[in-house]
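Chain order of the listed sequences is A and B. Per the working numbering, the very first residue in the first sequence carries number 2; after that it's consecutive. Per the working numbering, the very first residue in the second sequence carries number 76; after that it's consecutive. All C-beta atoms, glycine included, are put in the ideal place defined by N, C-alpha and C. Note sheet for the following structure.
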Amino acid sequence: MKSATSRYLLLSTAVIGSLSLFALKNEDKIVADADNAGLKLPAGFGALKVADTGTRARHITVTPQGTIFVKLNRPTKEGQGILQLREGGTGKASVVAGFGNYGGTGIYSTKDYLYASSDEEVFRYKLNAKGEVTNPTQPEKVITGLLNRQQHESKSITLDQAGNIYVNVGAYANSCQVKDRQKGSMGRPNCPILDSAGGIWQFRADKLNQTYGDGTRYATGLRNVVGLDWNAQSNQLFVMQHGRDQLHDNFPELYDTKESAELPAECLYALNKGDNAGWPYTYFDPAKNKIMVSPEYGGDGKKVSTGSYLAPAMAYPAHTAPNALLFYTGTMFPEKYRNGAFIAFHGSWNRAPEPQKGYYVVFQPFKNGKPSGPYEVFADNFAGTPEKANAGRPDHKPCGLAQGTDGSLYVTDDKAGSIYRIVYAKK
Amino acid sequence: MFVLGALAWAATPAAAQKKPVSKARSAAKPAAAAIPAASLALGKTLYVQNCLSCHQADGGGVDRINAPLTKTTWVLGDKAPLVKVLLNGMQGVEIDGERYANVMPAFDYLTDQQLADVLTYVRNSFGNKASAVKATEVKAVRAANKK
């Protein structure tokens with residue numbers, strides 16, 4: 002925890018500049034890499050590579066004691082689907098344990114438990130006073146039997162402050178066509194996917210062996226959510242949706258390749274129980290600022306939806322694949338970041354033949370629990386070079402976010418397995 | 076065999092990122108003469124229209140979402156299974172140890188000649204070198220596929 006004194010010093014850096022940087026050096030030993038781990042950051046920020054795991058590192062969580070847990074997309078050869086890392090004095094970490102022989106994405110920790118998901122189930126592990134897992138081979142099964150039909154298979158998780166856990170079940174289709182991703186194939190009436198996927202389900206975090214019948218479909222009409230987080234200020238669940246693909250491929254007479262690259266927006270939604278965000282019947286056009294009818298359901302690129310669907314709280318460039326959402330509550334970063342959202346954009350593939358985009362972490366300012374003002378690209382160049390980003394051949398793909406005990410920001414990469422830590426005024 | 080050797084070289088980790096294209100091409104020059112230029116040109120147009128958005132301009136696919144068309148026996152091996160992928164689409168098949176999440180739709184509405192051209196192009200682009208696919212071959216696979 003930061004003391005009031007160090008907070009004062011941090012705030013003063015903006016005014017005094019390098020003098021306060023010097024003062025901080027004696028207090029903290031976390032050292033940013035000379036090249037900021039290859040990232041481009043706002044002034045005053047630095048970054049280090051905590052570890053190069055060589056794994057498909059999906060989501061990440063840091064316990065109050067500073068133990069780092071990373072969920073892997075598939076287990077290592079040793080059968081480890083969750084890595085436990087411990088940092089040394091300068092911030093460089095080593096893998097100290099691994100367990101959980103299943104691939105997946107979701108991971109979340111409270112003071113007492115570590116929650117992790119496969120693509121069908123959610124498990125929890127007891128944490129001891131040191132933030133270590135006590136039952137690595139015998140987790141409790143919290144949720145079971147969630148649908149996994151390969152497409153949009155990740156089960157991302159977050160908890161609220163009332164003992165509920167929220168799980169994304171992605172739709173196993175692009176736009177609920179009769180034939181998925183087939184040119185000209187129309188939408189299935191009353192899309193049957195939505196009964197068990199394409200939404201967020203709510204369960205109890207402390208009840209075991211729950212399945213669909215024990216939970217509540219909290220929100221529907223969400224194609225695929227990989228990044229989600231609970232906003233403690235507004236006491237509300239926020240999610241980032243991956244918008245639909247291939248408007249031009251499937252309806253070339255209605256959308257050209259440029260329109261297809263810019264439509265639809267990747268959307269941030271502020272959810273209330275019972276909300277419907279409109280997939281597959283609609284998509285969001287950021288230029289028109291309107292919810293549009295999908296071509297599979299009678300849309301023509303101009304028809305505005307008249308349905309009562311939830312409007313996005315904010316919109317971001319199309320197809321950039323938001324894979325993590327984190328509300329920042331720390332005090333290390335300057336005041337403007339507090340209670341705002343960081344969003345990790347994994348990067349696009351279906352903007353081709355237009356240049357690909359993403360491979361960055363965005364900061365979205367919030368005020369009183371609502372997005373306020375334009376977003377900024379906060380951490381860029383995970384790709385390595387602009388050319389690699391444009392070609393869709395990045396070196397790294399940001400995928401998970403976590404806040405460290407000191408308020409630093411951790412970012413995972415599921416391409417090369419690097420774990421980054423972004424710090425303020427530590428250079 | 077010389078061609079296969081060059082491809083195996085290109086598939087080694089050190090060479091995976093850089094320049095396998097030129098090496099494979101020069102090594103396989105004799106085979107290149109047999110590929111009809113018209114088929115390649117038409118195939119390219121068809122690739123851009125039908126394939127590029129998923130398989131990408133470099134044929135490399137998308138990590139864990141859309142399969143790559145390079146350095147795989149699915150593309151470079153027997154033609155019949157490859158033609159069937161285009162006729163029937165594909166999902167959930169493990170390719171060289173990897174699974175790809177997205178559905179590949181069927182392209183059975185393309186003509187035998189169009190499928191032959193696009194496959195000839197794919198088998199001779201992105202560092203690939205393999206024999207051309209003929210419309211008659213596609214026709215035979217399509218006829219057997221219907222049963």
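Q: Within 10 angstroms of the Cβ of A:T321, are there 16 or more other Cβ atoms? Answer buried if so, exposed if not.
A: A:T321 should be labelled buried.
Q: Could you please give the first and the last residue of the uninterrupted alpha helix (DSSP H) stretch that includes B:N220?
A: From DSSP, the alpha helix (DSSP H) with B:N220 extends over 210-220.
Q) Which of the residues in the stretch 238-254 of chain A, read from start to end, lie with their CB under 9 Å from any CB of chain B? A) Within the stretch 238-254 of chain A, the qualifying residues are D246, Q247, H249, D250, N251, P253.
Q) Where does A:Y425 fall in DSSP's three states? A) Residue state, collapsed to three classes: strand.
Q.
Between B:V216 and chain A, is any beta-carbon pair separated by less than 8 Å?
A. It does not: the Cβ of B:V216 has no partner Cβ on chain A nearer than 8 Å.
Q. When you compare only the Cα positions, how much space is there between B:N203 and A:G393?
A. In this structure, the CA atom of B:N203 is about 20 Å from the CA atom of A:G393.
(Q) Please report the distance separating the alpha-carbon of B:A112 from that of B:E212. (A) Cα to Cα, the separation comes out at about 18 Å.
Q) With 16 other CB atoms within 10 Å as the buried threshold, where does A:Y421 fall? A) Buried is the call here.
Q | For A:N165 and A:F204, believed in contact at Cβ under 8 Å, the rounded distance | A | At roughly 7 Å, the Cβ-Cβ gap stays under 8 Å, so A:F204 and A:N165 are in contact.
**Q.** A:C268, DSSP secondary structure in three states
**A.** It is a strand residue.
(Q) Quick check for students: name the residue ranges of the beta strand (DSSP E) that lie wholly in the stretch 26-81 of chain A, counting only runs of 3 or more. (A) As far as the stretch 26-81 of chain A is concerned, its whole beta strand (DSSP E) runs of at least 3 residues are 46-53, 58-63, 69-73.
Q) Of all the CB atoms in chain A, is at least one closer than 8 Å to the CB of B:V233? A) What is shown of chain B runs 76 to 222, which leaves residue 233 of chain B out entirely.
**Q.** Inside the stretch 106-192 of chain A only - beta strand (DSSP E) runs reaching at least 3 residues
**A.** For the stretch 106-192 of chain A, whole beta strand (DSSP E) runs of length 3 or above, ordered along the chain, are 108-110, 114-118, 123-127, 141-144, 158-160, 165-170.
(Q) Going residue by residue through the stretch 327-398 of chain A, where are the continuous alpha helix (DSSP H) segments of at least 4 residues, counting only ones entirely within it? (A) Look at the stretch 327-398 of chain A and you find these whole runs of alpha helix (DSSP H), each 4 residues long or longer: 387-391.
Q) For A:P354, which residues in chain B fall below 8 Å Cβ to Cβ? A) Listed along chain B are V123, L127, S128, A132, each with a C-beta nearer than 8 Å to that of A:P354.
Q. Out of curiosity, what's the CA-to-CA distance linking A:A48 and A:G185?
A. Distance between the alpha carbons of A:A48 and A:G185 is about 47 Å.
Q) Just the Cα atoms here: how many angstroms apart are A:G107 and B:A181? A) For A:G107 and B:A181, the distance between alpha carbons rounds to 33 Å.
Q: With DSSP as the reference, label B:C126 as helix, strand or coil.
A: Reduced to three states, the DSSP call for B:C126 is coil.
(Q) Under 8 Å, Cβ to Cβ, is there at least one residue of chain A near B:P143? (A) For B:P143, the answer is no, since every Cβ of chain A falls outside 8 Å of its Cβ.
Q) Terminal residues of the continuous alpha helix (DSSP H) containing B:N163? A) First-last of the alpha helix (DSSP H) with B:N163: 154-163.
Q) Roughly how many angstroms separate the alpha carbons of A:C192 and A:P296, rounded to a whole number? A) Per the coordinates, the alpha-carbon of A:C192 lies some 14 Å from the alpha-carbon of A:P296.
Q) Based on the DSSP output, what are the partners of A:F204 in its beta bridges? A) For A:F204, which the question treats as bridged, DSSP gives the partners A:I166.
Q. With a CB to CB cut of under 8 Å and the five nearest residues on each side skipped, what residues in its chain are close to B:K159?
A. Hits under 8 Å: V216, N220.
Q) Looking at the unbroken beta strand (DSSP E) that takes in A:T1, where does it start and where does it end? A) Because residue 1 of chain A is not part of the residues shown, which for chain A are 2 to 428, the question remains open.
Q: Tell me whether A:A35 is buried or exposed, calling it buried when 16 or more other Cβ atoms sit within 10 Å of its Cβ.
A: With fewer than 16 other Cβ atoms within 10 Å, it is exposed.
(Q) What residue range does the beta strand (DSSP E) around A:T283 cover? (A) That run of the beta strand (DSSP E) goes 283-286.
Q: Can you tell me which of A:Y329, A:P356, A:F285, A:R245 puts its alpha carbon nearest to the alpha carbon of A:K259?
A: When each option's Cα is compared against that of A:K259, the closest is A:P356.
Q. To which residues of the same chain is A:D230 closer than 7 Å at the C-beta, ignoring the five residues directly before and after it?
A. Contacts found: T159, F239, L326, L327, F328.
Q: Return no unless some Cβ of chain B is closer than 8 Å to the Cβ of A:Q234.
A: At least 8 Å separates the CB of A:Q234 from every CB of chain B.
Q: Please determine if the stretch 58-75 of chain A and the stretch 391-407 of chain A are in contact, where contact requires at least 3 C-beta pairs separated by less than 8 Å.
A: Contact between the stretch 58-75 of chain A and the stretch 391-407 of chain A is present, because at least three Cβ pairs lie under 8 Å.
Q) I think A:V362 touches A:A345, with their Cβ atoms under 8 Å apart; what is that distance to the nearest whole Å? A) About 5 Å separates the two Cβ atoms, so the contact holds.
Q) Is B:V158 close to chain A, meaning its C-beta is less than 8 Å from at least one C-beta of that chain? A) No, no contact with chain A.
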